[in-house]
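Heads up: the protein sequence lines correspond to chains P and R, in order.
Each residue of the first sequence is one higher than the one before, starting from 370 at the first, in our numbering.
Each residue of the second sequence is one higher than the one before, starting from 4 at the first, in our numbering.
Glycine residues also receive a C-beta, built at the ideal position from the N, C-alpha and C atoms.
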Amino acid sequence: DAMVIQNPRYQVTQFGKPVTLSCSQTLNHNVMYWYQQKSSQAPKLLFHYYDKDFNNEADTPDNFQSRRPNTSFCFLDIRSPGLGDAAMYLCATSRRDRRQDTQYFGPGTRLTVL
Amino acid sequence: QKEVEQDPGPLSVPEGAIVSLNCTYSNSAFQYFMWYRQYSRKGPELLMYTYSSGNKEDGRFTAQVDKSSKYISLFIRDSQPSDSATYLCAMSSTSGTYKYIFGTGTRLKVLA
Numbered sequence: 370d371a372m373v374i375q376n377p378r379y380q381v382t383q384f385g386k387p388v389t390l391s392c393s394q395t396l397n398h399n400v401m402y403w404y405q406q407k408s409s410q411a412p413k414l415l416f417h418y419y420d421k422d423f424n425n426e427a428d429t430p431d432n433f434q435s436r437r438p439n440t441s442f443c444f445l446d447i448r449s450p451g452l453g454d455a456a457m458y459l460c461a462t463s464r465r466d467r468r469q470d471t472q473y474f475g476p477g478t479r480l481t482v483l
Numbered sequence: 004q005k006e007v008e009q010d011p012g013p014l015s016v017p018e019g020a021i022v023s024l025n026c027t028y029s030n031s032a033f034q035y036f037m038w039y040r041q042y043s044r045k046g047p048e049l050l051m052y053t054y055s056s057g058n059k060e061d062g063r064f065t066a067q068v069d070k071s072s073k074y075i076s077l078f079i080r081d082s083q084p085s086d087s088a089t090y091l092c093a094m095s096s097t098s099g100t101y102k103y104i105f106g107t108g109t110r111l112k113v114l115a
C-alpha cells in the first residue's frame, strides 16, 4: 500500500544532542510537510517542501532544519534539542498540481528530551 | 480571531448516538476541507475530504460544507466506543501556499 513512513517511531535524546527524524513516502507526492504536535494541540507547521523549494514558517526556530534529498525522502534535523522540543513530530504529504489533493500523515515520531 | 475555530470538547456521548462535530472558519478562499481522526499518541488518519460545498457520505460518516456560513460539520451515526478519539478539521485554499490550517481538535468519548 502507498503510504507515509516515519522512523524511528520513538526517539529519546539528551538535552542539546542533535537528532534526525526521517520520513519517506511511496505516494509520489510533490509536497512534504513537517509538523510539531504537543499534547491536546493542533499540529503546528514547521516547514514544507514543494518539490525542492523549501518554505520555512516565520516562527519556526533556527534550531529546526530540514532536507529533502529526493522526492521520496525528507529529514527533520533538530540541532540542539531543548526540553520544550519534546513533542510528536508528524510528516505529511500532498499532491499539488492544478488542484490540491488532500494531505496524508505518517504515524509520527514521539521525541523525548532528557 | 483564529482562521479556524473548533470546540475542543471533550464531548461524551452514549454508544449509538449521532455525533455532530463542527468547525467555523473566516477565510472565504478555503476550498478543500478535511476531517482527520487521531487516536492518542498516533498520527492523524484521513476520514473525509470535500472539495468546495456540499455533502459527502462514507459509511457512518457524513461531511457537510456550508461555504455561505463558513461552517463545516462531521456527523457520525451509530457511534461506537472505537470512535473515541480527537477529530481535527483542516482546510486549504486554491491560492499558492499549499498549507493546511487545522482546528485545535475535538476530543470525543463514546461510552459503552
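Looking at the DSSP output, P:LYS413 shares a beta bridge with P:GLN405. In its chain, beyond the 5 residues on either side, ALA93 and SER95 have a beta carbon closer than 6 Å to the beta carbon of R:TYR103. If you draw a straight line from the Cα of R:LEU50 to the Cα of P:GLN472, it comes to about 11 Å.
Against P:ALA411, the close residues of chain R are LEU91, PHE105, GLY106, THR107 and GLY108, in the order they occur along the chain (beta-carbon pairs closer than 7 Å). The beta carbon of P:SER463 falls within 8 Å of a beta carbon belonging to chain R, placing the residue at that interface. In the three-state DSSP reduction, R:GLY106 falls in the coil class, being neither helix nor strand.
Beta-bridge partners assigned by DSSP to R:GLU8: R:THR27. Leaving aside the five residues that flank P:ARG378 on each side, the residues in its chain whose CB is nearer than 8 Å to its CB run, in chain order, PRO476, GLY477, THR478 and ARG479.
Taking every protein chain shown into account, the CB of R:MET37 has 16 or more other CB atoms within 10 angstroms, so this residue is buried. Residue contact with chain P for R:LEU50: absent (no Cβ-Cβ distance below 8 Å to any residue of chain P). Across the segment 24 to 36 of chain R, CB contacts with chain P closer than 9 Å involve GLN34 and TYR35, in sequence order along the chain.
Short of 7 Å from the beta carbon of P:GLN383, and not among the five residues preceding or following it, lie these beta carbons of its own chain, in chain order: LEU483.
For R:PRO17, the enclosing beta strand (DSSP E) has its first and last residue at 14 to 17. In this structure, P:GLN394 is the residue among P:VAL381, P:PRO387 and P:GLN394 with its C-alpha nearest to the C-alpha of P:GLN375. Take the alpha-carbon of R:TYR54 and the one of P:LYS386: they are about 43 Å apart. The contact set of P:PHE474 on chain R, defined by CB atoms closer than 8 Å, consists of TYR39, GLY46, PRO47, GLU48 and LEU49 in chain order. Beta-bridge analysis with DSSP links R:ARG44 to no other residue.
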